[in-house]
Structures are given as structure tokens and as C-alpha cells.
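A short write-up of the structure that comes next.
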Amino acid sequence: MGQHYNPGLMTDGSRDELERRSRHDPAAVEPALFQRWESAGLFDADPKSPKPPFVIAVPPPNVTGELHMGHALNGAIQDALIRLRKMQGYETLWICGTDHAGIATQNVIEKELRKEGLTRYDLGREAFVERVWEWCRQYGAAIIQQYKRLGCSLDYSHERFTMDPEYQRAVTEVFVSLYRKGLLYRDNRIVNWCPSCASAISDLEVQHQEETDVLFEVRYPVKDSDEVLTVATVRPETILADTAVAVHPDDLRYLHLVGKTAIVPIVNREVPIIADDYVKPEFGSGAVKITPGHDPNDFEIGRRHGLPELTVIGFDGRMNDEAGEFAGLTVEEARRRVVERLRELGLLVAEKPYVHEVGHCDRSGDRIEPLISLQWFCEMRPLAEPAVEAVRSGRVRFHPKSQENTYFNWMEQYRPWCVSRQLWWGHQIPVWYCPNGHVTVDTTEPERCAECGSTELERDPDVLDTWFSSALWPFATLGWPEPNERLERFYPGHVLSTAREIINLWVSRMIMMGLEFQGEVPFEDVIIHSIIQAADGRRMSKSLGTGINPLELVDEYGADATRYGLLKMSSTQDVRFSDGMIDEGQRLANKLWNASRLVLLKGDTTVAPAPGTAALEDRWVASRVAGATDEIVRLINRYDFAGAVKALYAFIWNDVCDVYVEAAKARLYGEDEKERREASATLLWVLERMLAVAHPVMPFITEEIWGFMPGERDLLMATPFPSIEGVQRDPQLERRAEEAMAAISEARRLAGEGQEVEVTIPPGFLFRSLLEKEKRVQVVESPDAAVPIVAAQADRATLEARLTVVRSELQRARGKLSNDGFLSRAPAELIDAEREKASRFEAEAADLESRLSA
RNA sequence: GGGCGGUUAGCUCAGCUGGUAGAGCACCUGCUUUACACGCAGGGGGUCGCAGGUUCGAGCCCUGCACCGCCCACCA
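The working numbering puts the first residue of the first sequence at 166, with every later residue one more than the last.
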């Protein structure tokens, strides 16, 4: 830190470079600037630093991932925060790393194998896992390099991976601890089975999509009777696994049948007719077939009524031996054949199109097959309750706050979390079984069974849900469970920024695990940023071809412009991508570059940067610097990045460049040496401030220009954020400036129409030099004038048109002032303003009338 | 089915605790001004989704409706 790279006053080399480049060229300089920061060690956090810590843990991207728009936006947000806090004097740490992403990564490698004509079973578990590691070492974490291109100040020297040995230790520790508390248990339950992943997945990994299926109505004969029950199903193949027919207990139509026996078609199984509240009498015929083995609802009913749980569909998505003549068929084939048979038997009553929501695996897109299997579950209630409380009490705050509903909605259901996955890539469950059916759970591999001492132990082959390990991210990345100073210093963190789709999947679980294992919430503020859609409003996705690669934007516009544009787009819930925003960023960067060229090439760079106190315009710009700095920091503190970026733009472009710099030119190019020095000093000071305030958003160009500034300086990234204490704010002066600018605009408009304009300015008019530049504008200073007065030599038609406008304005103001309600309830200032308006219009109308009659 | 959010200028979006609608882009008209044409100055363009209500006053508050998006959800 504190590395000086600028030898002193601006060198001739810098001068030449500034003169040569009237356009800023980001691609040429950004990588080198990044290098400077990196070699100066500015990304490392020092646990021994006396500064207060500020910590963000990056949502770890998938190790196989590529930087997409969401990453880029989130990177821009987090980096703006980290850089601002660093400049504000915090010891900042932006935790860096990647996620092993069990299913997703395993799928990538399996796909590779398939190209070689192999499956993972050909390799065997050990070799397969080694192959995944090999892949990760060779191609993995490319995304981390891409974050560098964006300029993100992550702590690259402590990059973590959720499969690191230390991280694995943390996961094991957590598993064992939760098991010993009785929160993890193994059970045979119905789970969401993804046939192509060949694994169970949790409820949250199921995506519901609307699909049109056929609803079949099928007759089930009632034994020893002429009656039949008609049931409806979209999955006729599961008829083979039916173990009951259910009706509602209050349904008078079927009351007499409850307790009797129905005959399942095709298999001719005799099953009980039961009564259960779950059945909706108004749906279809009011009778339901019950298949505990293949439907989550039926499973619950089955457990309530002690029904057998038959399974006809296997884990491979094909019909198993229980399906008799249908064994070996795929589900779809079986469905067709079963329907055929029903038709032959004359038991098929109807086939209707039926639109409903169907679960799909969020990784493979396959339709979920609900199947009964032996899995590990996590009991949520004891973990979720304190986590809910943490948000209710405000220890964790969501931004925007409305997103807390998403969190509460899910959390308060306390549904068991299926944590085991039938994969090979991931954290293998630390559980060993002996032949006597005993279970040994330990952080290290046991030599013998904890109960019977048997040495014939077999480890549970399953791995844990990826989200189980990422739930530990905020502290496992800091070396937990090993006590150490980084953990001590940098937990808990402060901010988490992510998209809303993983609030329940990830954010909620980090809060739970943080509270459970550290006793403290992992962060205080959760920023839920917008999702950037494609320009046509569709989801940005590779497969739809609607994706835009942020790295291409960086190449084309530069990282600064891209970051600016993304932050500008980050405001609302969902935004459509518009390259206009990035364009705006590019233009702003260029503006900054050229304004700097003016200050550094045309000004006197031997003077010390300082705001002038003599000239009104210098005092005004100082006031604006203080105001804008304050406003921008305030907006970032509220996580309103779009607002902050907008304020930054207005400050740089309008206040500084359009108004101040233009006005200062008169002194800069004038004869008076003293004025020239004063203007230069103020310009340098403004530039310095402007660069610092813009740095969190546009780190590269600000750092580059900083390098051209005279004097010995640290890198801008390591420079303290400029304090506005001691900088005079002057609201009255700012108001007068607005008034002056309005008068100038008016004069310009009239002069533009070809009229001769006379502007009477009061003493202390701010931007006289701007007026004096204008053609056809005559400036008259009058000690009597209270406000600038713009008068023009106008033709009759112009005067008449203006009179019409003024009269209607006057009428409106008068109407308001004669409204009792307004006078009695409106605030006093408003009424005063209205009175003032009325009298001004009155005077103008009189003036116009007299000129017209003359 | 439940919840959340959106509907403001041709486009992308701002609009704080209710006080006569804003920005950028695009468009039109002038500027070969010595930082910048990725520029400067000026201008046109909106009955703020629809219908009611509260209020002296509503884009902002209330009710209902329509459409869009997202999250959650076990109705065969």
C-alpha cells in the first residue's frame, strides 16, 4: 500500500499522451491499471488492521460458470460498495471463490464423457471424481479472471472453493453437529426424483411449469356391487401402483361405499375405499385414486391410512418389475399401453385436455418423478425460527424490504429439507453403516462401528446438496472451524448482494447456519438486485439466444462504461437491457477524460488544488461538489445505485462541465495571471474531487486520470474519500445559480430566434461570462435589479402569444388564491409562492399589454 | 390457488413523507467555439393502464378491473 508511481509534476510524457488522445480508449489501459492495484496489494485485507472491517462474501459462481449479465451487475454493485468503503477508511474484504455446484458440474463432465462414448460408471466413482477435479484445475474458475476484467476488487489471494479440504472439513463438522442435535435424520419418504440426474432434489430445486396433459377418467368397479367409481388421472400408468380410492368424508354420494373394496383395473388389485379430507368433492367425480408410491399427496394420505406403498416406476424412469407386463417400458410408453388396455376393457370414460403445473428439475429440465426413497433430511423448524426472528427484528434487512415476504413465506413452512444427492461429485455424507444396521457419524473415518464395534463399515455413498455447503460460505471461507484471526475479524460480514431467485435457496440458509454455528447473522443488509432481461423483455438465456455477454460489452465500451450502465439499469425489479445505458457510461467516461485534459493541459498545474473563495462561481462549484458528494454517498448507503449514478452524471456533466468549466474559461484564457491561477486551482480541486467520487463506479478511468494529476499521490483506490467537512455549502448561492442559468437559457432561446436580447443582471450574477459569449445578447448590470431580467425586441405576434400564456397562468394562480380550502390548508410557503407567481404574471401581463398598445 | 412487483414522452427508466410531470436515447433547429461531434445551445413530444373514491389539491393515498413479470403452492 502507499505505492507512489507518479514522480511529481506532470511529466512531458503525460502531457504528450493527454494531448494525443482526445478520445478515451479503455481497452488499451484497463488491464494495466488492474495490475497496478493488484501489485500494490490493494485487494488484500489485513486482519491486524485497526480500521473497522467491511465484508462482503461474493455469491460463489459455479466453478464451471461463465460471467453473465447477472454476475456483472452484481459485481458492479459489490465493487462500488467495497471501493467506497475502502476509501472511507474501512478494512474491506470481498471474499472470493467458486462453488463446486454438484449436479451442474457433474453434468458437464458426464457430457464430456459421453462424447468419448463413456459413462461415469465406466470410470467408477474414484476415477470419475478425479476427472472432475482434473477439469476444475484445468478449466475451472475462469470466471474469477473475468471478474478481474470488470475491475472487481475481490480478495483474489484467498480464493476459496467449496471442495477445498478445509471447506470439506467445515461441511463435515456441520453435518455431524446437526446430526448429534437430532436435526438430521434418514427416512424413507417420497422425494422429487430427477431421472436424468439420477438423484433426489429438494423442493426448492423443482421448477413448476404449466403444461397441457390429458386428463383421463377411469372406472373402478366396486367389489360385490354394480356400482363403479370414476376417478381422474393424468398419469394412468400409476394405476398399477394404486392402493386405495378416496372420497371426502362428507360426500353423501359416496358415504355408503366407504369401507368397501374397489378393484383397480388391469391389475385387478382389491383396494379399500377410504374417506379423507384431502379430497375435493367438487373436483371431477369426487373420487380419487391413491398412489402413495408416486404422488406426494397420496403419500401423505397413505401414511395417514396405513396403506401399502407400491412402486412401479424405477429410479431410471422406466417401469420396474412390479409393473408386470409393462416392465421395462418408459413412463410414456407405459402410459400409452395402459390407456389402450383401459379402452379395451371399456373402463376409459373420457379424455380431456388438462392444463396444470408440472414440476421440472431446475438443472436438467426433466419432469420430476415423485418416488419413495431413503434419503437424509434436515429438520428445519429449530434452524428456521431464529432466522425468521433475525429478519423480523431487523438484524438482517432486505433491500427492497418487500423481498422479506419471499423469505417469510418460505421459511415459515418449516418443511424438511432433503439434503442427500445420489451423485459422486460433492461432499460425501460422513456416515458409515455396519452389517448389523448400526449407524456411525463422525468427522473422521471411524475404524469400527460406534455401537457394535464391527470393522466392516461402509460409507454412505451419497453426497450433500450443494446448497448445504454454500450455506456455510460466509464463515467456512474464513477458515472455520479452525479458530483464526481472519474469522475473528471478518465474521460477521455486512452486505450480501444477490438476485431474488436464490433468497430461499441460499440467503435463508446462510442466515440459519450463521446463527447456528457462529451465533450471529452473517450479514446485516441483503441487496436484492434487479434481473436484467433481454431487450425484448424475455429472459436472457443462452439457449434462447437472448443472452448478451458482458465481456463483449467490456471489450466494446470498456469496463467503466459497462459498470456504469449496469448500475443505471439496476433500479427496479426487472429491467430490460438497453445498450443506451452503457453508451451513456461510455460518453460520461469520455467526458471525464476530456474535462481532465482541459484542466491539466490548459490550466496552470503548478498551483495547489484548492477551491477559490473570491469568485462567486468558485464558491458555487465548491458548494456543488459538497452537495453532490453528500448526495451520492447517501444514495449508495441506501443501495440506490441507479440514483447514485444518475446524480454522478448530473454533477459531472451538467454542474461541472456545462456550467462551471465553461464559465471558468474566461478566467483560464484571460489576461489576468491571478485569476488564471485561481481558476486553475479550483479546477484542479474539482477534478480531484470528481475523480474520487466517481471512482467506486468507474474505477479505471478515474485511476488513470489520477495518474496524470500533479503532485505525489497514492493510487486513487488507496486514497481517502474526500471529506466535505470544511467545504462551504451555500444553498442560497445555488439557488441564485439556478436563477442565473434560467435567465441565460431564456436569453439564448430568444437570441436563437434572431431577436436582440438585453439582459439586466443584478450585482453578483454568477455566470456573466456565459452571457457575454452569446451573440445578439447585451448585458447590462444594474444595482437595482433583484433578479436577472431578460427582455427582447419582439414582433407583435410573439408578444401576443406570450400574453396569452401569461394570462392563463395568471388566471390559474388567481383561482388558486381565491380557493378557501387552499388558503386554509396548504402550507404557507406554497401560498406565498403562489402569490409571488401571481404578482409576477400580473406585472408581465401589464408590461406586454403596454408594449402591444404602443 | 396465494403473495409480491410493474403499467409515466417513440424507447429505457426516475419521480423522496400527496402541491401545476423529469432524465438519457431517438427526433427537429442552429453551431467546423481554441477539453470533448462519444460535443455545445435551443426546441417539439405525456388526459402518468382503466373506472370509481378520499382531498382545497393525486402519477403519488383507498377500492375495483385489465394486462405484464416474478416468487411460492400437494387439488387428482
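Cβ coordinates follow ideal geometry from the N, Cα and C atoms, glycine included.
* Name, in chain order, the residues that DSSP records as bridge partners for Glu376. => According to DSSP, Glu376 bridges with His521.
* Is Ser364 helix, strand or coil by DSSP? -> Reduced to three states, the DSSP call for Ser364 is strand.
* To do: Could you pull out every residue in the same chain whose Cβ sits closer than 7 Å to the Cβ of Val606, ignoring the five residues on either side in sequence?
  => A distance below 7 Å between beta-carbons, with the five flanking residues on each side excluded, links Val606 to the following residues of its chain, in chain order: Val341, Tyr344, Pro595, Val596.
* **Beta-carbon proximity check, Val584 vs Leu629, cutoff 8 Å** => Yes, they are a contact pair.
* Put Met545 into one of helix, strand or coil per three-state DSSP. => The DSSP-derived three-state label of Met545 is coil.
* Should the region 607-625 be called in touch with the region 194-203, which here means at least 3 C-beta pairs below 8 Å? -> No: fewer than three Cβ pairs fall under 8 Å.
* Terminal residues of the continuous beta strand (DSSP E) containing Val604? -> For Val604, the enclosing beta strand (DSSP E) covers residues 604-606.
* To do: Could you check if Phe464 is buried or exposed, using at least 16 other CB atoms within 10 Å of its CB as the buried criterion?
  => Taking all protein chains in view, the Cβ of Phe464 is crowded by 16 or more other Cβ atoms within 10 Å, so the residue is classified as buried.
* Asked: What residue does the beta strand (DSSP E) around Asn598 start on, and which one ends it?
  -> First, the residue type needs correcting, since residue 598 is Tyr and not Asn in the sequence shown. For Tyr598, the uninterrupted beta strand (DSSP E) segment begins and ends at 596-598.
* With distances taken Cα to Cα, identify the nearest neighbour of Glu554 among His525, Pro218, Ala210, Ile676. => Checked all of His525, Pro218, Ala210, Ile676; the closest Cα to Glu554 is Ile676.
* Count the other C-beta atoms from every protein chain shown that fall within 10 angstroms of the C-beta of Tyr443, then say buried if there are 16 or more, exposed otherwise. => The residue in question, Tyr443, is exposed, as its Cβ has fewer than 16 Cβ neighbours within 10 Å.
* Kindly list the residues whose CB is nearer than 7 Å to the CB of Ala916, restricted to its own chain and excluding five residues on each side of it in sequence; keep chain order. => So the list reads Val922, Glu939, Lys940, Arg941, Val942, once near-sequence residues are dropped.
* To do: Taking Asp352 as part of the beta strand (DSSP E), name the residues at either end of that continuous run.
  => Note, Asp352: beta strand (DSSP E), 349-359.
* To do: Rounded to whole angstroms, what's the CA-CA distance from Leu621 to Asp287? Just pull it up for me.
  => Correcting the residue type first, residue 621 is Glu in the shown sequence and not Leu. Note on geometry: alpha-carbon atoms of Glu621 and Asp287 lie some 26 Å from one another.
* Ends of the alpha helix (DSSP H) at Val786? -> Segment 781-802, the alpha helix (DSSP H) holding Val786.
* Taking Ser179 as the reference, give the member of Asp985, Met906, Gly602, Glu869 with the closest Cα. => The option with the nearest alpha carbon to Ser179 is Glu869.
* To the nearest angstrom, how far is it from the Cα of Arg501 to the Cα of Asp481? -> One C-alpha to the other measures close to 19 Å.
* Length of the line joining the Cα atoms of Pro657 and Ala245 -> In this structure, the CA atom of Pro657 is about 20 Å from the CA atom of Ala245.
* Assuming Pro715 and Leu232 make a contact with CB atoms under 8 Å, what is their CB distance in whole Å? -> The Cβ separation is near 6 Å, so the contact holds.
* To do: Quick one: grab the DSSP three-state call for Met484.
  => Correct three-state label for Met484: strand.
* **DSSP beta-bridge partners of Asn227** => When beta bridges are read from the DSSP output, Asn227 appears opposite Asp264.
* **Rounded separation between Glu331 and Val691 - CA only** => Each residue's alpha carbon lies about 27 Å from the other.
* List the DSSP bridge partners of Ser585. => Note: Ser585 sits in a beta bridge opposite Leu629.
* Could you tell me whether the Cβ atoms of Pro225 and Gly262 are closer together than 8 Å? => Contact annotation: Pro225 and Gly262 have beta-carbon atoms nearer than 8 Å.
* With 16 as the cutoff for other CB atoms within 10 Å, does Ala406 come out buried or exposed? -> Result: buried.
* Asked: Excluding five sequence neighbours on each side, which residues of the same chain lie with their C-beta closer than 6 Å to the C-beta of Ala1011?
  -> Contacts found: none.
* Look at Val944 and Arg933 and say whether their C-beta atoms are less than 8 Å apart. => For Val944 and Arg933, yes; Cβs fall inside 8 Å.
* To do: Output the distance between the C-alpha atoms of Thr456 and Val686, rounded to the nearest integer angstrom.
  => Each residue's CA atom was taken as its position, placing Thr456 and Val686 some 43 Å apart.
* Asked: Identify the residues that DSSP records as bridge partners of His694: which are they?
  -> Ala664.
* Where the beta strand (DSSP E) containing Pro437 begins and where it ends -> That run of the beta strand (DSSP E) goes 434-440.
* Asked: Trp259 by DSSP, collapsed to three states: which one?
  -> DSSP, read as helix, strand or coil, puts Trp259 in strand.
* Residue from Ala775, Glu647, Gly591 with nearest C-alpha to Trp632 -> When only C-alpha atoms are compared, the closest one is Gly591.
* Residues in its own chain within less than 7 Å of Asp739 by CB, not counting five upstream and five downstream? -> Once the five neighbours on either side are set aside, the close Cβ partners of Asp739 are Ser695, Ile696, Gln698.
* For Glu1009, which residues of its own chain have a beta-carbon under 7 Å away from its beta-carbon, when the five flanking residues on both sides are left out? -> Apart from sequence neighbours up to five positions away, the residues of its chain that approach Glu1009 with a beta-carbon distance below 7 Å are Val971, ordered along the chain.
* Coil, strand or helix - Val826 by DSSP -> Correct three-state label for Val826: helix.
* To do: Specify, as a first and last residue, the run of the beta strand (DSSP E) that Pro218 falls within.
  => Where Pro218 is concerned, the enclosing beta strand (DSSP E) starts and stops at 218-222.
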